[in-house]
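A.B. asks:
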Amino acid sequence: MFKNILIPTDGSEVSRRAIKAGVKLAQSLGAKVTGYYAIPFLQPSAFGDGELMNKELVSKLDRLARTTGQKYLDEIAEAAKEAGVPYVGLITKPVITYEGITDAVKKKRCDAIFIASRGRSEIKKLLLGSVTQKVLSHSRVPVIVYR
630 MFKNILIPTD
640 GSEVSRRAIK
650 AGVKLAQSLG
660 AKVTGYYAIP
670 FLQPSAFGDG
680 ELMNKELVSK
690 LDRLARTTGQ
700 KYLDEIAEAA
710 KEAGVPYVGL
720 ITKPVITYEG
730 ITDAVKKKRC
740 DAIFIASRGR
750 SEIKKLLLGS
760 VTQKVLSHSR
770 VPVIVYR
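Numbers 630 to 776, taken from the numbering used here, label the letters of the sequence shown in order.
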């Protein structure tokens, strides 16, 4: 059925539970897993007298975010290894997270997305939006939502 399942993570507890379930699904299907982490895009902002955020600080924050993302992807890699499932990881820095996920699908030729949902209330979803909801709306491959 599916040959390459994308599992995006943000390091949250629900995301960690989704990793286990997504890897188990991949194992049962004989599919490989592609882990994905989106580095949060920091818009350089002005503060004080209109000075932009220091480039060195932005660079340091990017390095820290990449290190954090790799730590989260290592969790997927370990789960895949334990299950005997082939694994690759990808970290990008998209302007919008859901676009990073849908772009990762294309880049890594995934044929499904296994994504966690935090289960926000309907009001919060309406006001805040949801990465999962946007992935569902924009994905060209099947999306499996884990709760």
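Glycine residues also receive a C-beta, built at the ideal position from the N, C-alpha and C atoms.
Starting from T721 and walking both ways along the beta strand (DSSP E), at which residues does that stretch end?
C.D. replies: From DSSP, the beta strand (DSSP E) with T721 extends over Y716 to T721.
A.B. asks: Using the three-state DSSP reduction, which class does A667 fall into: helix, strand or coil?
C.D. replies: In this structure, A667 counts as strand in the three-state DSSP scheme.
A.B. asks: Can you list, in chain order, the residues of its chain whose CB lies under 7 Å from that of V772, leaving out five sequence neighbours each side?
C.D. replies: Once the five neighbours on either side are set aside, the close Cβ partners of V772 are I742, I744, V764 and L765.
A.B. asks: Should R692 be flagged as near chain B, meaning a C-beta pair shorter than 9 Å?
C.D. replies: You won't find chain B in this structure, because it holds only one protein chain.
A.B. asks: If we ignore side chains and look at the alpha-carbon of each, how far apart do K710 and Q656 end up?
C.D. replies: The alpha-carbon atoms of K710 and Q656 are separated by roughly 10 Å.
A.B. asks: What three-state label does DSSP hand K632 in the structure shown?
C.D. replies: Correct three-state label for K632: coil.
A.B. asks: Confirm, please, whether the CB-CB distance from L635 to A712 is below 9 Å.
C.D. replies: It is not a contact, given that the beta carbons lie outside the stated cut-off.
A.B. asks: Determine the direct distance from the alpha carbon of K632 to that of A708, and round the result to whole angstroms.
C.D. replies: Straight-line Cα distance between these residues: approximately 17 Å.
A.B. asks: Do R645 and E704 come within 9 Å of each other at the CB atom, strictly closer than that value?
C.D. replies: Yes, Cβ-Cβ distance for E704 and R645 is below 9 Å.
A.B. asks: Applying the criterion that 16 or more other CB atoms from any shown protein chain within 10 Å of the CB defines a buried residue, is L693 buried or exposed?
C.D. replies: Exposed: under 16 other Cβ atoms inside 10 Å.
A.B. asks: Which of the three DSSP states is assigned to K754 in this structure?
C.D. replies: Bear in mind that a pLDDT of 49 at K754, under 50, signals an unreliable position, so the number given afterwards is only what the model happens to contain. Helix at K754.
A.B. asks: Below 8 Å CB to CB, which residues in the same chain sit around H767 once its five sequence neighbours on both sides are set aside?
C.D. replies: Around H767: Y727, E728 and T731.
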